[in-house]
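To keep things clear, I will list the structure first and then write my remarks on it.
Protein chains: 2
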Amino acid sequence: SPKSPKQYGNRGMTLEKEIVESNSYYLESGKAVIHKKPTPIQVVQVDYPKRSAAVIKEAYYQRPSTTDFNGVYNGLYIDFEAKETKNKNSLPFSNIHEHQVNHMLQVEQQGGISFFIIRFTSRNETFLLPIRPFIEVWNQQFDGKRKSLSYTFIKESGYLIPFTFQAKVNYIDVIDRVYITGGDHDESK
Amino acid sequence: SPKSPKQYGNRGMTLEKEIVESNSYYLESGKAVIHKKPTPIQVVQVDYPKRSAAVIKEAYYQRPSTTDFNGVYNGLYIDFEAKETKNKNSLPFSNIHEHQVNHMLQVEQQGGISFFIIRFTSRNETFLLPIRPFIEVWNQQFDGKRKSLSYTFIKESGYLIPFTFQAKVNYIDVIDRVYITGGDHDESK
Ligand SMILES: [Mg+2]
Ligand SMILES: [Mg+2]
Chain F
9 SPKSPKQYGN RGMTLEKEIV ESNSYYLESG KAVIHKKPTP IQVVQVDYPK
59 RSAAVIKEAY YQRPSTTDFN GVYNGLYIDF EAKETKNKNS LPFSNIHEHQ
109 VNHMLQVEQQ GGISFFIIRF TSRNETFLLP IRPFIEVWNQ QFDGKRKSLS
159 YTFIKESGYL IPFTFQAKVN YIDVIDRVYI TGGDHDESK
Chain W
9 SPKSPKQYGN RGMTLEKEIV ESNSYYLESG KAVIHKKPTP IQVVQVDYPK
59 RSAAVIKEAY YQRPSTTDFN GVYNGLYIDF EAKETKNKNS LPFSNIHEHQ
109 VNHMLQVEQQ GGISFFIIRF TSRNETFLLP IRPFIEVWNQ QFDGKRKSLS
159 YTFIKESGYL IPFTFQAKVN YIDVIDRVYI TGGDHDESK
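Order-wise, the sequence lines are chains F and W. Its first residue numbered 9, the first sequence is counted upward by one per residue in the numbering used here. Its first residue numbered 9, the second sequence is counted upward by one per residue in the numbering used here.
As structure tokens, then:
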């Protein structure tokens, strides 16, 4: 299991926002092209005033059918979902939708790289958890087992994401170590 | 240059919708995982009525910062923009935004596959045009050359996308031939 140095500098900012910022750094430095997908919205009514932009007057949030982020890094298709929790010791499955899990499995079957980025805000620790170890615990819930990922499991089967000045959630660093160089524990690939 | 059999069955349906349908077929048959990105919308005002869903009361369409579609096929990152025109002999560059072109170049630099799907509705013909031949003509506009892609150029440098019953815009067929097997004309790779 990787060491767990405390991460600094990311208090008061949501995980998603920090990932978006990290992606901007990756993009500007030519390291990776990864974007947040827009939130899907169903538009019901639109006004078209003269000489100005169309105004949406009635619309509803739709449930996303896939994940938060995707893109390309070094020829690899990257696809992930970000989750943060205030719980200290687990991430409940109620935070994760089955259609997202299905999408992530489909991605993996096509040779893409799919994972969760999970932050324990109270610990100020953020992990990359690949779809493989995740899916084993996820499937066990249907046999009556626990309906959450424990902190201990995430720490042992995932990888602590380092904080760096330019990329506050420097997950590409983990991808380099785990998916490209080979990883430091086999069961998490 | 590829032969140009007439394509049938796609009248009265927009290109984008047909691509979405083709993607559904690819997804259900386990062939590829490619989705349309949601249209980005800036939400200004939301009502939260009791016991029912949040209603967006004021919002505006935002300019998309990337392309229409992306995903993974056979380990390859796929990213493309769909354009259709009623013109018979050209696609004006006014239909294409510079930030989209920049995104497509960034994708290519990361080892992804990036292209346009261009339909001439009056001819009922749809082409896949890779970013490489496109960018040459695109760059020439800044030297005072033409500000459009001619039908002839698209036909010679691109690939006619076959219509099939299950995938009306069967662009994966072209990807197989051009990017995987090697293509039938070198300059379009
Ligand atoms: Mg999320
Ligand atoms: Mg388009």
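Where a beta carbon is used, it is the ideal one built from N, C-alpha and C, also for glycine.
Between the region 168-179 of chain F and the region 70-82 of chain F there are fewer than three C-beta pairs closer than 8 Å, too few to call the two in contact.
By the rule that beta-carbons nearer than 8 Å mark a contact, F/Gln174 does not touch chain W. Around the CB of W/Asn31, 16 or more other CB atoms lie within 10 Å, so the residue is classed as buried. For a Cβ distance threshold of 7 Å, nothing in chain F lies close to W/Thr22: the least Cβ distance comes to about 16 Å. Secondary structure at W/Pro138: strand, using DSSP grouped into helix, strand and coil. In this chain, the alpha helix (DSSP H) harbouring W/Phe161 covers Tyr159 to Ser165.
At least one beta carbon of chain F lies nearer than 8 Å to the beta carbon of W/Val115.
Taking a Cβ-Cβ cut-off of 8 Å, W/Lys153 has no neighbours in chain F, whose nearest Cβ is about 28 Å from it. Counting only residues whose CB is nearer than 6 Å to a non-hydrogen atom of ligand 1, the list in chain order is F/Asp76, F/Glu89, F/Ala90 and F/Lys91. Residues of the same chain with a CB within less than 6 Å of the CB of W/Leu23, apart from the 5 flanking positions on each side, are Ala90, Glu92 and Arg127 in chain order.
Residue state for W/Val41 is assigned as strand, using DSSP reduced to three classes. For F/Gln53, the enclosing beta strand (DSSP E) starts and ends at Ile49 to Asp55. Around the CB of W/Gln117, fewer than 16 other CB atoms lie within 10 Å, so the residue is classed as exposed.
Just so you know, the alpha carbons of F/Ser156 and W/Lys94 end up roughly 54 Å apart. Our two residues, F/Tyr187 and W/Val28, have alpha carbons roughly 31 Å apart in a direct line. Residue contact with chain F for W/Asn82: present (Cβ-Cβ distance below 8 Å to some residue of chain F). Taking CB atoms only, F/Glu66 has a neighbour in chain W less than 8 Å away. F/Ser102 and F/Tyr33 have their C-alpha atoms roughly 32 Å apart. Listed in chain order, the beta strand (DSSP E) elements of length 3 or more contained wholly in the region 56-109 of chain F are 63-69, 77-81, 84-93 and 98-100. Each residue's CA atom was taken as its position, placing W/Val51 and W/His111 some 24 Å apart. If you check the CB distance, W/Gly166 and W/Leu137 come in under 8 Å.
The CB of W/Val41 comes closer than 9 Å to the CB of Thr74, Tyr85, Asp87, His111, Gln114, Val115, Gln117, Gln118 and Gly120 in chain F, given here in chain order. Identification of chain F residues near W/Asn78 by a Cβ-Cβ cut-off of 8 Å yields Asn78 and Gly79, ordered along the chain. The C-beta of W/Val63 comes closer than 8 Å to at least one C-beta of chain F. Between the beta-carbon of F/Leu84 and that of F/Ile121 there is about 5 Å, and that keeps the pair under the 8 Å contact cut. For W/Arg185, the secondary structure class from DSSP, reduced to helix, strand or coil, is helix. Residues of the region 137-163 of chain W whose Cβ lies closer than 9 Å to any Cβ of chain F: none.
The bridge partners DSSP lists for W/Phe173 come to none.
When the alpha-carbon of F/Gln53 is set against those of W/Ile64, W/Ser60 and W/Pro46, the nearest one is in W/Ile64.
Contact note: F/Lys45 reaches chain W through Lys45 and Pro46, using a C-beta cutoff of 8 Å and chain order. Judged by DSSP in its simplified three-state form, F/Ser130 adopts coil rather than helix or strand. Pairing F/Asn97 with F/Ser158, the inter-Cα distance amounts to about 6 Å.
Taking all protein chains in view, the Cβ of F/Thr189 is surrounded by fewer than 16 other Cβ atoms within 10 Å, so the residue is classified as exposed.
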